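Protein chains: 2
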Amino acid sequence: MGGNRDLAERFIATLEARDWDAWAGLLHPGVVYEIPQSRERIRGRDRYLRFNQEYPGDWHLRPKVTIADERHGVAWFEWLLDGRTDDAMAFFEFADGLITRVTDFWPESYEPPPGREHLVERWLPGALAKLRPPHAVTRDRSIPGVTASVA
Amino acid sequence: MGGNRDLAERFIATLEARDWDAWAGLLHPGVVYEIPQSRERIRGRDRYLRFNQEYPGDWHLRPKVTIADERHGVAWFEWLLDGRTDDAMAFFEFADGLITRVTDFWPESYEPPPGREHLVERWLPGALAKLRPPHAVTRDRSIPGVTASVA
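Protein sequence lines correspond, in order, to chains A and B.
Read in order, the letters of the first sequence correspond to residues 183 to 333 in our numbering.
Read in order, the letters of the second sequence correspond to residues 183 to 333 in our numbering.
And the structure:
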């Protein structure tokens with residue numbers, strides 16, 4: 183179980199490092215990768231490796247929370263690209279000390295629907311990093327001239 | 183740890199059942215709920231309960247994967263509303279047998295960017311339920327007249 187959590191942590195760390203040999207070494211040769219939001223699937227380690235190697239842009243990943251049990255795991259991380267920072271999460275299935283399935287999600291920001299202002303406070307872009315020091319990163323979405331603060 | 187996983191499973195099950203007393207009983211009175219996509223935060227069990235009770239529509243939740251350790255947990259679930267089925271996930275923090283923090287994500291579907299067709303297959307709306315029987319649900323997004331199949 184510690185082993186599976188370690189697999190999930192190394193998945194993010196080796197991607198961030200572009201250590202392709204180490205990254206591919208975590209994967210079962212028949213790994214299946216799925217992106218449900220776009221209904222995309224990649225079958226096999228070789229194609230999945232190529233997908234990541236070819237992914238455009240100077241993207242970076244910063245781990246936030248990793249959880250794993252004997253069969254499933256998840257890595258919640260931030261990804262930074264083109265001055266934006268967003269949350270993302272990859273779910274894993276494990277077998278025999280390897281990752282056999284990866285399913286990831288890339289949520290986008292949105293404005294809340296009206297009608298719940300009486301219950302909700304909002305934070306300014308960039309403010310969460312200050313609120314939660316362990317996850318602090320340099321964010322580029324602060325509004326110029328506005329000091330980020332929690333409502 | 184089994185206790186925390188049980189908390190995460192009951193969180194989804196009691197929401198689905200609108201068993202508000204049981205649901206609120208899982209939460210620390212000072213629970214903090216956050217929706218990073220909309221930068222919304224609700225402080226405290228009472229307001230969080232009201233938020234869910236007031237949430238409009240005949241929404242339903244179906245659990246897919248739950249993982250927890252001694253401090254963190256996640257529930258990956260489907261939510262059904264107005265004929266749509268989407269994935270969503272709630273991350274938890276635990277203390278003293280209660281949920282002290284909930285952070286959830288509501289990813290939306292999107293079309294993939296061009297340039298990776300040589301690596302990727304796509305499935306039709308509704309097809310994943312057929313591919314993965316353990317998670318099978320009745321989906322309403324199938325294209326009329328088209329038999330869902332995996333590419």
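Positions of the beta carbon are idealized from the N, C-alpha and C atoms, including for glycine.
Remember, it's a predicted structure, so these values are computed and weren't measured experimentally.
Proximity of residue i and residue j at Cβ, strictly below 9 Å
i                 : j                 : result
Phe276 of chain B : Leu189 of chain B : yes
Arg283 of chain B : Val214 of chain B : yes
Trp258 of chain B : Asp269 of chain B : yes
His210 of chain A : Arg227 of chain A : yes
Thr248 of chain A : Ile194 of chain A : yes
Arg200 of chain B : Leu301 of chain A : no
Glu290 of chain B : Tyr292 of chain A : yes
Asp278 of chain A : Leu263 of chain A : no
Residue i - DSSP class collapsed to helix/strand/coil
i                 : result
Ala250 of chain A : strand
Tyr215 of chain B : strand
Glu191 of chain A : helix
Gly239 of chain A : coil
Asp201 of chain B : coil
Gly255 of chain B : strand
Leu262 of chain A : strand
Leu301 of chain B : coil
Arg244 of chain B : strand
For residue j and residue i, believed in contact at Cβ under 8 Å, the rounded distance
i                 : j                 : result
Pro238 of chain B : Glu191 of chain B : Contact doesn't hold; Cβ gap of about 25 Å is too wide.
Glu198 of chain B : His242 of chain B : 6 Å
Pro296 of chain A : Glu222 of chain B : With a Cβ gap of about 12 Å, Pro296 of chain A and Glu222 of chain B do not count as contacting.
Close beta carbons around residue i, own chain, < 7 Å, minus the five adjacent residues each side
i                 : result
Gln219 of chain B : Phe287, Trp288
Arg225 of chain A : Val214
Gln235 of chain B : Trp202
Contacts around residue i, its chain only, beta-carbon distance under 8 Å, and the 5 residues preceding and following it disregarded
i                 : result
Asp203 of chain A : none
Leu208 of chain A : Leu189, Arg192, Phe193, Thr196, Leu280, Ile281
Arg187 of chain B : Thr248, Ile249, Ala250, Gly255
Where residue i meets chain C, residues with beta-carbon distance less than 8 Å
i                 : result
Ile224 of chain B : No chain C is part of this structure, whose protein chains are labelled A and B.
At a CB distance below 7 Å, what residues from the stretch 242-253 of chain A approach chain B? Give them in sequence order. Val247, Ile249, Ala250, Asp251
Contact list for the stretch 271-297 of chain B against chain A, Cβ threshold 7 Å: Met271, Phe273, Phe287, Trp288, Pro289, Glu290, Ser291, Tyr292, Glu293, Pro294
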